[in-house]
Amino acid sequence: MSLKNNAAAIGIAELKPTKDAPPDATPLGLMAQLTADAIADAGLEKSAIDGFLVGMPVADPGFIYPASAAEVLGLNPRMLNVVDIGGASPAGMIWRAAAAIGAGMCNAVLCLVADLNRLGDQRVPVISVQREFEAPYGNIGANCGYAMIANRHMFEYGTTPAQMAKVAVDQRRNALKNPLAAFGDRPLTIDDVLNSRMIVDPLHLFEIVSPCSGGSAVIVASPEIAKRAKNPPVWLIGAGEYANHSSITYAPSLTDSPIRPAADAAFKMAGVDRQAIDLVCPYDCYTITVLVTLEDAGFCKKGHGGPFVAEHDLTYAGDFPCNTHGGQLSFGQPGLGGGMSHVVEAIRQLMGRGDGRQVKNAAMAYVNGNGGIMSEQVSLIMERRS
């Protein structure tokens, strides 16, 4: 069964990411606001929502979380689940929603993520590859893993720090046009990026996401509901998912990612080629992630990600619009909500609601969600029809 044309996005909601949240703020409180906003944006009644996919917040994880959250939000879903594939979870929710709708399980699915910039109950497995074989040698956390990827990319392909910095610079230019961006108050230059504090060589401060509080939501609906929706429907026409490791120790390669099979599957399902894409929204936890994504998704040759971003204008008005909301590097990363921001931005652009950063004649978008250290990958192709 193909997912193509099973469902469309008809409503979106987003909160402005903030570094600090009120002491009494909770992820469920943010979810309640997002739920109300998304339903209103879609022009539906809450009773129309009969499917629910949610991301587990880091700040407040819980047991049987989907049912607990649905209870608080006043939902009575016929299908519900938690999607737990890291930063790829939001993109993964979209195709899972379309699959459930296509299978007749439900008609309108709320895909929801929200989190606070504070740590909750962090249970680390007593036995894990990371704890046993990586941490003793100093490879702790995502910064180290992505620095390894960046170093290897530089070694294999001659990628330069300035090329990676260009990603942060162009995405900041997009963020300057986004009133919801957490870091959209001043521009960046390549020198600013390269002179910012080195965090883990070769990654500088402005090449790394900043955790925030916030969240996003998308409502995915059946063709019958989509055709009478308040907003122009944005159709899912292609999707692919792939994972070949969790720990970077088990990654077959530091520079070849699971994005390739995920993207190939999405484009095959959609029946379009890369030249048909009007904008891309790749997960950007680090600058190097964007380069690897553009390569492995087939927008440039392997190893040419650095020259590609250096030679192209990645802004909303440029020849290769990329992360027109600013990306997580400038929009902010509110937990899994960071990944949903890419999905929301693609939908917003295809609905023609980009305001001061609207991509001209945007009709088709590519989105990639990335979980872990380039491990779980989800690629989506979405389309607005005239």
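Residue numbering for the sequence shown follows my numbering, starting at 925 and increasing by one per position.
Just so you know, even glycine gets a beta-carbon here, dropped at the ideal spot from N, CA and C.
Remember, predicted model here, so these are calculated numbers, not experimental data.
### Query
Out of Gly1162, Leu1238 and Pro1231, which has the shortest C-alpha to C-alpha gap to Met1078?
As a first step, residue 1078 must be located in the sequence shown, where it is residue number 154. Cα-wise, what sits closest to Met1078 is Pro1231.
### Counted within 10 angstroms of its Cβ, other Cβ atoms place Glu1131 as buried (16 or more) or exposed
Against the sequence shown, residue 1131 aligns to sequence position 207. With 16 or more Cβ atoms within 10 Å of its Cβ, Glu1131 is classed as buried.
### Message
At the level of alpha carbons, what is the spacing between Ser1265 and Val1053?
### Response
For the purposes of this step, residue 1265 is taken as the residue at position 341 of the sequence shown. For the purposes of this step, residue 1053 is taken as the residue at position 129 of the sequence shown. Cα to Cα, Ser1265 sits roughly 31 Å from Val1053.
### Message
Let me check one thing: in DSSP terms, what residues is His1077 bridge-paired to?
### Response
Position 153 of the sequence shown, counted from the first residue, corresponds to residue 1077. Answer by DSSP bridge pairing: none, since His1077 is not bridged.
### Query
Can you name the residues that DSSP bridges to Thr942?
Along the sequence shown, read from residue 1 onward, the residue named residue 942 stands at position 18. DSSP output for Thr942 lists Ser1137 as bridge partner(s).
#### Entry: Boundaries of the beta strand (DSSP E) in which Gly1262 is found, first to last residue
Within the sequence shown, residue 1262 is the residue found at index 338, counting from 1. Premise fails: Gly1262 lies in the alpha helix (DSSP H), Gly1261 to Leu1274, not in any beta strand (DSSP E).
### Task
Output the boundary residues of the alpha helix (DSSP H) element that contains Leu1311.
In the structure displayed, the chain extends from 925 to 1310; residue 1311 sits before or after that span and is not available.
### Spatially closest choice to Asp1237 from Thr1084, Asn1292, Arg1096 and Pro985, by CA coordinates
For the purposes of this step, residue 1237 is taken as the residue at position 313 of the sequence shown. Nearest C-alpha to Asp1237: Arg1096.
### Task
For Pro1206, name the three-state secondary structure that DSSP assigns.
Position 282 of the sequence shown, counting from 1, holds the residue named residue 1206. Note: Pro1206 maps to strand in three-state DSSP.
### Task
Over the uninterrupted beta strand (DSSP E) stretch that includes Phe976, give me the two end residues.
Counted from its first residue, the sequence shown places residue 976 at position 52. Gly975 to Val978 is the extent of the beta strand (DSSP E) around Phe976.
### Task
Apply the 10 Å Cβ neighbour rule to Gln1273 and answer buried if 16 or more other Cβ atoms are within range, or exposed otherwise.
One-based indexing of the sequence shown puts residue 1273 at position 349. Classification of Gln1273: buried, given that the 10 Å Cβ count is 16 or more.
### Query
To which residues does DSSP link Val1142 through a beta bridge?
Here residue 1142 is taken as the residue at index 218 of the sequence shown, counted from 1. Answer is Ile936 and Cys1035.
### Task
Could you name the residues that DSSP lists as bridge partners for Gly1162?
Residue 1162 sits at position 238 when you count from the first residue of the sequence shown. According to DSSP, Gly1162 bridges with Ile1305.
### Query
From Leu1160 to Pro1060, what distance separates their C-alpha atoms?
For this step, residue 1160 is matched to residue 236 along the sequence shown. For this step, residue 1060 is matched to residue 136 along the sequence shown. In a straight line, the C-alpha of Leu1160 is about 44 Å away from that of Pro1060.
### Message
Threshold first: 3 residues or longer. Then list the beta strand (DSSP E) segments lying entirely within the segment 973 to 1018, N to C.
### Response
975 to 978 and 1003 to 1006
### Task
Mind checking which residues open and close the alpha helix (DSSP H) that includes Met906?
As displayed, the chain neither begins before 925 nor continues past 1310, which places residue 906 out of reach and without an answer.
### Query
Nearest to Leu954 by alpha carbon, out of Pro990, Met1017 and Ser1137?
Counted from its first residue, the sequence shown places residue 954 at position 30. Of the listed residues, the one whose Cα sits closest to Leu954 is Ser1137.
### Task
Please say whether His1169 and Ser1299 have beta carbons closer to each other than 8 Å?
Translated into positions along the sequence shown, residue 1299 becomes position 375. Translated into positions along the sequence shown, residue 1169 becomes position 245. Yes.
### Query
Is the number of C-beta pairs between the segment 1133 to 1147 and the segment 938 to 948 that are closer than 8 Å three or more?
yes
### Query
Quick one, are the C-beta atoms of Tyr1207 and Leu1127 less than 8 Å apart?
Locating residue 1207 in the sequence shown gives position 283, where the first residue counts as 1. Locating residue 1127 in the sequence shown gives position 203, where the first residue counts as 1. Not closer than 8 Å, so no.
### Message
Please return the same chain residues whose Cβ sits closer than 6 Å to the Cβ of Ala1200, not counting the five positions on each side in sequence.
### Response
Your numbering for residue 1200 matches position 276 in the sequence shown. Within the same chain, Ala1200 has close Cβ partners Met1288.
### Query
Closest Cβ-Cβ distance between Asn1075 and chain B: below 8 Å?
As a matter of chain content, chain B is missing from the structure shown, which is built from one protein chain.
### Task
With a threshold of 16 other CB atoms inside 10 Å of the CB of Asn1119, please say whether the residue is buried or exposed.
Taking the first residue of the sequence shown as 1, we reach residue 1119 at position 195. Its Cβ having fewer than 16 others within 10 Å, Asn1119 is exposed.
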